[in-house]
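Report on the following structure.
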Amino acid sequence: MSRFEGRGVLVTGGAAGMGRAIAESFRDEGADILIADVNGDRVANTAGELSEGGHAVSSVECDVRDSGQVAEMIQRGEEVLDGIDILVNNAGVITMDKTVDVSEDDWDYIMDVNAKGVFLSTKAALPGMLERGKGNIVNIASQAGKRGYKLFAHYCASKAAVIVFSKGVALEVAPTVRINCVCPGIVNTEMMDREYEWEEEMTGESQDSIRDRWMSGIPMGRFQEPEQIARVAMFLASDDASEMTGQAINVTGGMVME
Ligand SMILES: NC(=O)c1ccc[n+]([C@@H]2O[C@H](COP(=O)([O-])OP(=O)(O)OC[C@H]3O[C@@H](n4cnc5c(N)ncnc54)[C@H](O)[C@@H]3O)[C@@H](O)[C@H]2O)c1
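So the mapping is simple: this note's numbering equals the position in the sequence shown, first residue as 1, plus 3.
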């Protein structure tokens, strides 16, 4: 399988979790990869591991909130990938609190990483794509951008912003560049591990009970794995999805159908 042979893929938040799985999956189908992450040591280690066996996987430290660092990340991508064919905006963060307790700093942090980060990276990557006459962007949003969840209203807002931003950009850059979102459900990564710990601390409900409660809302009866999200991201970036742009695709085991 080499659907992405010779294609250059930049994945933000690529040190861990879904970003790592997305990078690894594209790599396995022939792509050259640049992973970017705010955690410089970890992203370098991840790139080292994903390069084993002679694969072309590079890394760059980048905080997607910072336009200067994003410009450097994109320039690096243009160089090491010989043009960024596919940008996966995956970097994201979550915090949990009642809205009355969410500080302005927390709000800004969530919006800056999740929404502004997607804006900055998209803005910086588009000129090269438009000049080359081709390109593809996949944004890892969330089903939480389509529904409200108590204790996560600020996170939901940031992901809704990503979904609607993507639709607006899709209209601007069609047919040259396609831009779509993946909306994962509950995925087994460190982000969810942290969520279960916070929720236990806040409510006193045990982590097992929290997991069972979440699970009871999933028709498929299981949480998602990062690799399963990666498969859908790859589909959206592939020619199989040539007629799809501005879409926000749920990968939630049926938990969300809107
Ligand atoms: N895990 C889930 O259940 C779930 C569900 C829906 C959507 N998502 C979204 O999927 C994406 C990946 O989540 P995950 O579960 O793999 O999370 P994770 O916490 O396991 O990994 C996120 C990665 O992003 C990096 N990152 C954080 N802030 C950054 C910044 N400012 N600049 C660059 N990199 C930064 C982290 O260092 C980390 O390597 C996020 O956008 C998240 O909101 C996750």
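Yeah, the Cβ is synthetic: ideal placement off N, Cα and C, and Gly gets one too.
Quick check on DSSP: helix, strand or coil for Gly-11? One-based indexing of the sequence shown puts residue 11 at position 8. Of the three classes helix, strand and coil, the one that applies to Gly-11 here is strand, per DSSP.
Using 8 Å as the cut-off, can you tell me whether the region 33-49 makes contact with the region 72-89, which would need three or more C-beta pairs spanning the two stretches below that distance? yes
Three or more C-beta pairs below 8 Å linking the region 204-213 and the region 130-147: no
Can you give, in chain order, each stretch of the alpha helix (DSSP H) that sits fully within the region 108-141 and has at least 4 residues? 120-135
Output the boundary residues of the alpha helix (DSSP H) element that contains Asp-215. The residue given as residue 215 occupies position 212 in the sequence shown. Counting along the chain, the alpha helix (DSSP H) containing Asp-215 begins and ends at 210-218.
Could you tell me whether the region 51-60 touches the region 101-111, where touching means 3 or more Cβ pairs closer than 8 Å? no
Three-state secondary structure (DSSP) at Ala-77? In the sequence shown, counting from the first residue as 1, residue 77 sits at position 74. The amino acid at residue 77 is misidentified as Ala; the sequence shows Ile. Reduced to three states, the DSSP call for Ile-77 is helix.
Is Ser-145 near ligand 1, judged by its Cβ being under 6 Å from some heavy atom? Counting from one through the sequence shown, the residue named residue 145 turns up at place 142. Indeed, a heavy atom of ligand 1 lies less than 6 Å from the Cβ.
Suppose you measure from the CA of Phe-238 to the CA of Pro-130; what does that come to, to the nearest Å? Mapped onto the sequence shown, residue 238 falls at position 235. Mapped onto the sequence shown, residue 130 falls at position 127. Each residue's alpha carbon lies about 24 Å from the other.
Closer than 6 Å to a non-hydrogen atom of ligand 1 - does that hold for the CB of Val-96? Within the sequence shown, numbered from 1, the residue matching residue 96 stands at position 93. For ligand 1, at least one heavy atom lies less than 6 Å from the Cβ of Val-96.
So, using beta-carbon positions, are Glu-193 and Gly-20 closer together than 7 Å? On the sequence shown, position 190 is the one that residue 193 refers to. On the sequence shown, position 17 is the one that residue 20 refers to. Yes, they are a contact pair.
Would you mind sorting Ser-5 into buried or exposed? The rule is 16 or more other CB atoms within 10 Å of its CB. Along the sequence shown, one-based indexing puts residue 5 at 2. So Ser-5 counts as exposed.
Cβ shell of Leu-154 (< 7 Å), same chain only, five flanking positions each side left out: Position 151 of the sequence shown, counting from 1, holds the residue named residue 154. Contacts found: Met-99, Asp-100 and Lys-101.
CB Ala-160 to CB Thr-248, shorter than 7 Å? Looking up residue 160 in the sequence shown gives position 157. Looking up residue 248 in the sequence shown gives position 245. In this structure, Thr-248 does not lie closer than 7 Å to Ala-160 by Cβ.
Considering only the alpha carbon of each residue, which of Ile-182, Ile-252 and Glu-228 lies closest to Lys-277? Since the first and last residues shown for the chain are 4 and 261, residue 277 lies out of range.
Return the bridge partner residues of Pro-187 from the DSSP annotation. Translated into positions along the sequence shown, residue 187 becomes position 184. For Pro-187, which the question treats as bridged, DSSP gives the partners Val-254.
Is Ile-143 helix, strand or coil by DSSP? Stepping through the sequence shown from its first residue, residue 143 is reached at position 140. Note: Ile-143 maps to strand in three-state DSSP.
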